[in-house]
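Just so you know, the sequences run in chain order A and B.
The numbers in numbering that gives the first Met the number 0 rise by one with no breaks, and the one at position 146 of the first sequence is 145.
The numbers in numbering that gives the first Met the number 0 rise by one with no breaks, and the one at position 167 of the second sequence is 166.
First up is the structure itself, then whatever we jot down about it.
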Amino acid sequence: MRTRLFKKLLLLLLIFSTLHSFGQEELEKELADNKPVHEKVAATFKDIKLVNGHTNETIHQNELEFKVDHRFGDIAGGNGGIRQFFGLDHATDVRIGFEYGLSDRLSIGLARAKGATDVQQLYEGNIKYRLLEQTTDDYIPVAVTLFGSNTIAAVRASDDPAAATAYRRFSDRMNYVSQVILARKFNSNFSFSLTPSYLHRNFTAFRDQNDLFALGFGGRAKISKRMAIVVDYFIPFRNQADKAYLEQVNGVKFYNPLDVGLEIETGGHVFHLNFTNAQAIEEMQYISQTTSSWLKGQYRWGFTIARRFSFNKKQKI
Amino acid sequence: MKKALYLLLFICSFTFPSRAQYILSSKNATVSFFSGTVMEDIEGKSNTASSVIDPKTRNIIFKVSNTSFQFQKKLMQEHFNEDYMESDRYPFSKFSGRITDELDFNKDGNYNLTVEGTLQIHGVTKPWSCRVAMIISNGVVTAKSVFKIKIEDYQIKIPSLVFKNIAEYVEVRLSAVYQPTKTITK
């Protein structure tokens, strides 16, 4: 009796073992794994800039970004308040720029800015190159982008030899900025960047520094799918003696620029509503010449509108 | 007599498993989708989808990595992954189901079949069925399918801020060439 049952079971077992088939889960294991080995992290930041500071992002190939930046006057403090309509009567700086992607890694830009200090009528040419891109598997943990710009001041030269605009040669009007932007997307909601910067101004006010190193910090935190808080902050490393002299002579103090903004992305457009103590928009000015303080009410609101255009020809993909 | 039968089955269980365990596998299947409106046409295509069919049970799985879709405009690709598919949370889109019609994969011919199962997109799994055209020739299976999906069904939200440049329905095209593959899985 027992052996018969055993034999029947054996028969059943043997029949099944010859007729092996796959369950859904087993079948899924047979799927080819086509995931690229080191997939690149996309969209560490939404735009090429946070508020004033550059991000690691560049413009994609054959795409053009048109960007308008505007900074108003002080909201509060001596130059703000209701008389100046909280700064809206003034424009401390305005910048209109175009950036174009020569390749997915390399972009170039041209811009015109008003300029916030005596150094005005600025023309900027820049180049930005993605050296390394972060990968999802952390094979490359941080993205590295290089930025370089030359800003030319077209303002009429001053007769005062101590002034920042006492230009004698054309080359005096040149200002160079180079930055190494290190960025990491920690998760889909948070990205952080570190920006060692070097400024060289061919001509400055008496005892101002021609060469200036600075360290920038930037961050972006999403608050909803299409809105994010962006922050950037720069610490310029000044020579203390020169700083004290300039502050005494000009009766101003230097502050570190701190910018906070709300970023709204609508697909094609990126809008920023910013609050910043920096009057200027150009790197060579807001890093070196920020003389207004958040604590004195000398912050302003500003906005940025960026629009992308694609020139990729209709091609069969 | 009985002993002989056992013996035969016992031998079969060792000698024929390789024949019994073959699957149809497609490594470079393509998926493309198209959304057309007056404002803008959006088109994405992936050549690295993968699919398998178990010829015995007619079970089928089709899977594609969302980040593998290529777009003509790179900004679209970024928006597709970041804003709509949320590819870092939901990296794959997947169909798993079964060919409901009887079918002999050893017989050459053209077949029009129905596939039933579940479609998973953007973390949402829904019952799904569609028509598939299959051509079998010398064991190689070519399959094609076209269908429409309503993006709202998969909780892919289009914010009111975005102008009407994304269609309510998206047309999806799949095509795959399956090669018979032996497998070591027991």
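Glycine included, each C-beta is placed from N, C-alpha and C at the ideal position.
query, result
"Cβ of B/V51 within 8 angstroms of any chain A Cβ", "yes"
"A/M173 - partner residues in DSSP beta bridges", "A/I151"
"Per-residue burial, A/I222 [other beta carbons within 10 Å of its own, 16 or more giving buried]", "exposed"
"Chain A contact for B/S17 (CB, 8 angstroms cutoff)", "Confidence in B/S17 is poor, its pLDDT being 42 and thus under 50, which makes the residue's placement too unreliable to answer from."
"Below-8 angstroms beta-carbon distance, B/N65 vs any chain A residue", "no"
"Closer than 8 angstroms to chain A by CB, B/Q71", "yes"
"Span of the beta strand (DSSP E), counted from its first residue to its last, around A/D159", "No beta strand (DSSP E) holds A/D159; DSSP gives it neither H nor E."
"Endpoints, the beta strand (DSSP E) within which A/A41 is located", "No beta strand (DSSP E) contains A/A41, which DSSP labels as neither H nor E."
"Three-way DSSP call (helix, strand, coil) for B/T66 in this model", "helix"
"Bridge partner(s) assigned by DSSP for A/M226", "A/I263"
"Stretch pair the stretch 92-99 of chain A + the stretch 66-76 of chain A: three plus CB contacts closer than 8 angstroms", "yes"
"Ranges of the alpha helix (DSSP H) found wholly within the stretch 44-86 of chain A, counting only runs of at least 4", "none"
"Neighbour list for B/K26 in chain A, Cβ cutoff strictly below 8 angstroms", "A31, N33"
"Boundaries of the beta strand (DSSP E) in which B/M133 is found, first to last residue", "123-136"
"Beta-carbon proximity list for A/L101, same chain, < 8 angstroms, skipping 5 on both sides", "Q60, I107"
"Rounded straight-line distance, which links the Cα of A/H199 to that of A/N209", "5 angstroms"
"Sub-8 angstroms separation of B/F79 and B/F70 beta-carbons", "yes"
"Environment of B/V139 [buried if 16+ CB atoms lie within 10 Å]", "exposed"
"Span separating the alpha-carbon of A/G77 from that of A/L245", "21 angstroms"
"Buried versus exposed, by CB contacts within 10 Å (16 or more), A/A240", "exposed"
"Proximity test, Cβ basis, 8 angstroms: A/G77 and chain B", "no"
"Contacting residues, own chain, Cβ-Cβ under 6 angstroms from B/E42 (five flanking each side not counted)", "F33"
"A/D32 versus A/D136 - alpha carbon distance", "15 angstroms"
"One or two residues paired with A/W293 in a DSSP bridge", "Paired residues: none, contrary to the question."
"Endpoints, beta strand (DSSP E) assigned at B/Q178", "168-181"
"Secondary structure of A/K221, DSSP reduced to three states", "strand"
"Residue nearest to A/G52 in terms of C-alpha spacing, selected from A/V269, A/F233, A/L4", "A/F233"
"Chain B within 8 angstroms of A/E319, Cβ atoms only", "Absent from the structure is residue 319 of chain A, since the part of chain A shown begins at 0 and ends at 316."
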